[in-house]
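> The structure follows.
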Amino acid sequence: MAYLAFTDVLGAAAPAIPQPQPLSSSPAADRPRARFSALEWSVVALAERDSLSTLQSPGRVAVALGTLFGSRPNPQLADSKLEALRKIAVLTWHQGYHIAESAIRGFLGAGFTQDHYALLASSITNARARRDRRNSR
């Protein structure tokens, strides 16, 4: 059996063989997982009861009727980040994943990430499925 010394052939030590990198070093794995606080989850839960009309400012007729018959409480939240969460949650409760890109951009512009949207949408979709199964019995 022959032995070849690489230092003799190359004039220096053989280069080190690069070690494979673990799969967890991908950019997505380096990011922290998206999470919502208890307050944010309560906003998502309350948004289930809100209608799509709560996403727009009331028109003149609605204001006039509110003056005559008493107005509904305004569901809009004072905190802009929580309001963005409420809006996207209302849309998701009513429309599932069929949401306009501009609405998602508004959600992301409020400081949330796409991982937050994925968490929100999957949670609401699962809750809708459970509700539909319960109502079909």
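Counting from 1, one number per residue, gives the positions in the sequence shown under UniProt numbering.
For glycine and all other residues, C-beta sits at the position ideal for the given N, C-alpha and C.
Please check the pair K87 and L55, which I expect to be a contact at CB under 8 angstroms, by giving their CB distance rounded to whole angstroms.
About 6 angstroms separates the two Cβ atoms, so the contact holds.
> Express the C-alpha separation of A118 and Y97 in angstroms, rounding to a whole number.
Going from the Cα of Y97 to the Cα of A118 covers about 10 angstroms.
> Could you work out which residue in W93, P75 and R105 is closest to S123 when comparing CA atoms only?
Per the Cα distances, W93.
> Within the same chain, show all residues whose beta-carbon is closer than 6 angstroms to that of H116, passing over the 5 residues directly before and after it, in chain order.
Hits under 6 angstroms: A34.
> Three-state secondary structure (DSSP) at H94?
Correct three-state label for H94: helix.
> Quick check: the Cα distance between residue 139 and D50, rounded to an integer number of angstroms?
The requested residue 139 is not part of the displayed model; the chain covers only 1 to 137.
> Take L91 and list the residues in its own chain whose beta-carbon comes closer than 7 angstroms to its own, dropping the five residues that flank it on each side.
Within the same chain, L91 has close Cβ partners I99 and A103.
> Thinking C-beta only, is L82 closer than 7 angstroms to V43?
Closer than 7 angstroms, so yes.
> I'd like to confirm something about A64: is its beta-carbon nearer than 6 angstroms to some heavy atom of the ligand ATP, or not?
For the structure depicted, the ligand ATP is absent and the ligand set is empty, with no information on it obtainable.
> So L120 packs on A89, CB below 8 angstroms; how close in whole Å?
Confirmed, about 6 angstroms.
> Report the three-state DSSP secondary structure of T113 (helix, strand or coil).
DSSP places T113 in coil when its eight states are reduced to three.
> Which residue wins for smallest C-alpha separation from R128, given the options S37, L65, V61 and Q95?
Among S37, L65, V61 and Q95, the Cα nearest to that of R128 belongs to Q95.
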